[in-house]
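Below is one structure, written out as structure tokens; comments come after it.
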Amino acid sequence: MREGGRSGARLLVVDDNKVNRLLLNRSLEQQGHSVATAENGRIALDMLRRESFDLVLLDMEMPEMDGFQVLEQMKSDLQLRDVPVLVTSSLEGVESVVRCIELGAEDYLPKPVNPVLLKARIGASLEKKRLRDQQKEMMRRFATPEVAQDLQQSGFALGGKRVQAAVMFSDIRGFTPLAESQSPEETIELLNTYYTLMFSAIIGHGGGVNQMIGDGIMAVFGAPLPLPDHRVSAVNAALEMIELIDLFNLERAAAGKAEIRIGIGIASGEMIAGYTGTNDRATYTCIGDIVNLASRIESHTKEAQRAILIDAATREALHERVLLEALGAITFKGKSIAVDVFSVGVGQKL
Amino acid sequence: MTQPTIDRATFDELKDTAGADFVAELVDTFLVEAPVMLGDLRTALGAGNADSFRRAAHSLKSNSNTFGALTLGAMAKELELTGLAPARAANGATLDALAQEYDRVATALKDLKNA
Numbered sequence: 002m003r004e005g006g007r008s009g010a011r012l013l014v015v016d017d018n019k020v021n022r023l024l025l026n027r028s029l030e031q032q033g034h035s036v037a038t039a040e041n042g043r044i045a046l047d048m049l050r051r052e053s054f055d056l057v058l059l060d061m062e063m064p065e066m067d068g069f070q071v072l073e074q075m076k077s078d079l080q081l082r083d084v085p086v087l088v089t090s091s092l093e094g095v096e097s098v099v100r101c102i103e104l105g106a107e108d109y110l111p112k113p114v115n116p117v118l119l120k121a122r123i124g125a126s127l128e129k130k131r132l133r134d135q136q137k138e139m140m141r142r143f144a145t146p147e148v149a150q151d152l153q154q155s156g157f158a159l160g161g162k163r164v165q166a167a168v169m170f171s172d173i174r175g176f177t178p179l180a181e182s183q184s185p186e187e188t189i190e191l192l193n194t195y196y197t198l199m200f201s202a203i204i205g206h207g208g209g210v211n212q213m214i215g216d217g218i219m220a221v222f223g224a225p226l227p228l229p230d231h232r233v234s235a236v237n238a239a240l241e242m243i244e245l246i247d248l249f250n251l252e253r254a255a256a257g258k259a260e261i262r263i264g265i266g267i268a269s270g271e272m273i274a275g276y277t278g279t280n281d282r283a284t285y286t287c288i289g290d291i292v293n294l295a296s297r298i299e300s301h302t303k304e305a306q307r308a309i310l311i312d313a314a315t316r317e318a319l320h321e322r323v324l325l326e327a328l329g330a331i332t333f334k335g336k337s338i339a340v341d342v343f344s345v346g347v348g349q350k351l
Numbered sequence: 234m235t236q237p238t239i240d241r242a243t244f245d246e247l248k249d250t251a252g253a254d255f256v257a258e259l260v261d262t263f264l265v266e267a268p269v270m271l272g273d274l275r276t277a278l279g280a281g282n283a284d285s286f287r288r289a290a291h292s293l294k295s296n297s298n299t300f301g302a303l304t305l306g307a308m309a310k311e312l313e314l315t316g317l318a319p320a321r322a323a324n325g326a327t328l329d330a331l332a333q334e335y336d337r338v339a340t341a342l343k344d345l346k347n348a
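So the protein sequences, as listed, match chains A and B.
Take the position in the first sequence, starting the count at 1, then add 1; the result is the number in the working numbering.
Take the position in the second sequence, starting the count at 1, then add 233; the result is the number in the working numbering.
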């Protein structure tokens, strides 16, 4: 990639007219940017999907695929929707200009383009993009990918909605005595490895980690983004978590360290999902009876001495061939009705 | 109302911002591309292709205004806005007038770029 000047950005000029392309190219290179050109919308979209650009200067009247179609496609593409577009055209009629802005164009510059105006608009658009990129990076680091994506698509609003989802709780057996018997550094290292492994299993099956408390994890399958087979995905993630812990234990045994054991509880059904907190500090979470039930079921793994326990609603989604053991109806603390609980046989593939 | 074939203020500003050598190249490009646009207009008129007619008129308008060829730009804009019907009714006279104005623009631009 060619670098322009110190402040140089990588720009794409899309125009079917050669004189316009040459002239814009010239103005932009004089301003220290590096420029690529495309002569119609189709070529431009191909280039945008292949290479990364900081900004697009888009003509509207073009053969094959016009600027309106390019704008539409860019705005429906998650990878491209945040690339700023400046429309440079000599459109007739204010409706066309309004349509560009409604389709997501950052601004409209009439042709012939005034170089001073061009420079100012490009500067402003690039600055806005830099701030957006920064925000996205913060979000990527501090939110789950699903929440980050949901925020990007729908924006932030406190308040919940009803969703069908599966909730999973998981924790490490006897973690407190284990933590007390080793150095803090060792404990943090153990937790970091444990979280890395568990996250990969949960995210790999379409779930999102909502909370981490000490050694405990709460994960949701089916919110904020719907997941068609959320119950099966949750059980699959649980099986993979156990498998990864077994592998991790082999490594620990070889290093002369104690094995760790985890317990996982899953319950499924309708719950309230959304952002709670204040406008300054909020988290995405799920609440409801189902969430409490999943937590109780997870606690019960200790007494039952089973690795994975699920409720009847989760079980309904599983194939008949799946190895299950019915543990009967159990009355949990704080619940008036007994619920059927099943143990999922570890070491099987669903 | 008569206006000069090339508006000098527009042309000089172009030369100042983009550089004389570059503008000379740009004029050469225009002198190659514009006859193609005039040809596209005739073809589109003959074939009744409104989209292609509008696009060619739009392109010619845009380039004319860049160089300060304001009369040619205004004529092209008229074609872009009114479309095929009036041009067809005029039986090609509109496009002939456009071609004559283009010839004047081409001569003036050649002089200016060598000045």
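All C-beta atoms, glycine included, are put in the ideal place defined by N, C-alpha and C.
1) Could you tell me which chain B residues have their CB closer than 7 angstroms to the CB of A:K19, listed as they occur along the chain?
2) Am I right that A:L87 and A:L56 are in contact with their C-beta atoms under 8 angstroms? What's the rounded C-beta distance?
3) Enumerate, from N- to C-terminal direction, the unbroken beta strand (DSSP E) stretches of 3 or more residues contained entirely within the stretch 21-49 of chain A.
4) Kindly say whether A:E4, judged by its beta-carbon, lies nearer than 9 angstroms to any beta-carbon of chain B.
5) Mind checking who A:Q212 pairs with in its DSSP beta bridge?
6) Does DSSP classify A:R282 as helix, strand or coil?
7) If the cut is a Cβ gap below 7 angstroms, which residues of chain A does B:T250 touch?
8) Three-state secondary structure (DSSP) at A:T89?
9) For A:I361 versus A:V347, is the C-beta spacing smaller than 9 angstroms?
10) According to DSSP, simplified to helix, strand and coil, what is A:V84?
11) Cα separation between B:A339 and A:E138?
12) Name, going along the chain, the residues of the stretch 110-138 of chain A whose beta-carbon falls closer than 7 angstroms to a beta-carbon of chain B.
13) Could you pull out every residue in the same chain whose Cβ sits closer than 8 angstroms to the Cβ of B:A251, ignoring the five residues on either side in sequence?
14) Kindly list the residues whose CB is nearer than 8 angstroms to the CB of A:I265, restricted to its own chain and excluding five residues on each side of it in sequence; keep chain order.
15) Apart from the five residues just before and just after A:R3, which ones in its own chain have a Cβ nearer than 7 angstroms to its Cβ?
16) To the nearest angstrom, how far is it from the Cα of A:N41 to the Cα of B:E313?
17) At which residues does the beta strand (DSSP E) containing A:S344 begin and terminate?
18) Using a Cβ-Cβ distance cut-off of 9 angstroms, determine whether A:M63 contacts chain B.
19) Does any C-beta atom of chain B lie closer than 9 angstroms to the C-beta of A:L12?
20) Output the distance between the C-alpha atoms of A:R7 and A:M48, rounded to the nearest integer angstrom.
21) Of all the CB atoms in chain A, is at least one closer than 9 angstroms to the CB of B:F255?
22) Quick check on the DSSP output: the alpha helix (DSSP H) that includes B:D284 runs from which residue to which?
23) Span of the alpha helix (DSSP H) holding A:P185?
Reading it off the structure:
1) As a first step, residue 19 of chain A must be located in the first sequence, where it is residue number 18. In chain order: T262, E266.
2) Taking the first residue of the first sequence as 1, we reach residue 87 of chain A at position 86. Taking the first residue of the first sequence as 1, we reach residue 56 of chain A at position 55. Right, the Cβ-Cβ distance comes to about 7 angstroms (below 8 angstroms), so this counts as a contact.
3) 35-39
4) The residue you call residue 4 of chain A lines up with position 3 of the first sequence. Only weak support exists for where A:E4 lies, its pLDDT of 39 falling under 50; the coordinates are left without a value.
5) Position 211 of the first sequence, counted from the first residue, corresponds to residue 212 of chain A. A:M219.
6) Start at 1 with the first residue of the first sequence, and residue 282 of chain A comes out as number 281. Correct three-state label for A:R282: coil.
7) On the second sequence, residue 250 of chain B is found 17 positions in, with the first residue counted as 1. In chain order: P116.
8) Mapped onto the first sequence, residue 89 of chain A falls at position 88. The answer is strand: DSSP assigns A:T89 an E or B state.
9) There is no way to answer for residue 361 of chain A, as the model of chain A reaches only from 2 to 351.
10) If you number the first sequence from 1, residue 84 of chain A lands on position 83. Correct three-state label for A:V84: coil.
11) For the purposes of this step, residue 339 of chain B is identified with residue 106 of the second sequence, where counting begins at 1. For the purposes of this step, residue 138 of chain A is identified with residue 137 of the first sequence, where counting begins at 1. Whole-angstrom Cα-Cα distance: 53 angstroms.
12) K112, P113, P116
13) The residue you call residue 251 of chain B lines up with position 18 of the second sequence. Once the five neighbours on either side are set aside, the close Cβ partners of B:A251 are L259.
14) Mapped onto the first sequence, residue 265 of chain A falls at position 264. The residues are M169, F170, S171, A239, M242, I243, E299, T302, A308, I309, L310.
15) As a working note, residue 3 of chain A is residue 2 in the first sequence. Residue placement at A:R3 is poorly supported in this model, since its pLDDT is 39, which falls under 50; the coordinates still yield a value, given next. Only S35 meet the Cβ criterion.
16) Within the first sequence, numbered from 1, the residue matching residue 41 of chain A stands at position 40. Within the second sequence, numbered from 1, the residue matching residue 313 of chain B stands at position 80. Taking the straight line from one Cα to the other gives about 20 angstroms.
17) In the first sequence, the residue the question calls residue 344 of chain A occupies position 343. Unbroken beta strand (DSSP E) run through A:S344: 340-345.
18) Taking the first sequence and counting its residues from 1, one reaches residue 63 of chain A at position 62. Yes, because at least one Cβ of chain B sits closer than 9 angstroms to the Cβ of A:M63.
19) Along the first sequence, one-based indexing puts residue 12 of chain A at 11. Not an interface residue.
20) Residue mapping note: residue 7 of chain A aligns to position 6 of the first sequence, counting from 1. Residue mapping note: residue 48 of chain A aligns to position 47 of the first sequence, counting from 1. With a pLDDT of 45 at A:R7, under the threshold of 50, the predicted position of this residue should be treated as unreliable, though the coordinate-derived value follows. C-alpha separation (whole angstroms): 24 angstroms.
21) In the second sequence, counting from the first residue as 1, residue 255 of chain B sits at position 22. At least one chain A Cβ lies under 9 angstroms of B:F255.
22) Working through the second sequence from its first residue, we reach residue 284 of chain B at position 51. Unbroken alpha helix (DSSP H) run through B:D284: 283-300.
23) Taking the first sequence and counting its residues from 1, one reaches residue 185 of chain A at position 184. Here the alpha helix (DSSP H) through A:P185 covers 185-205.
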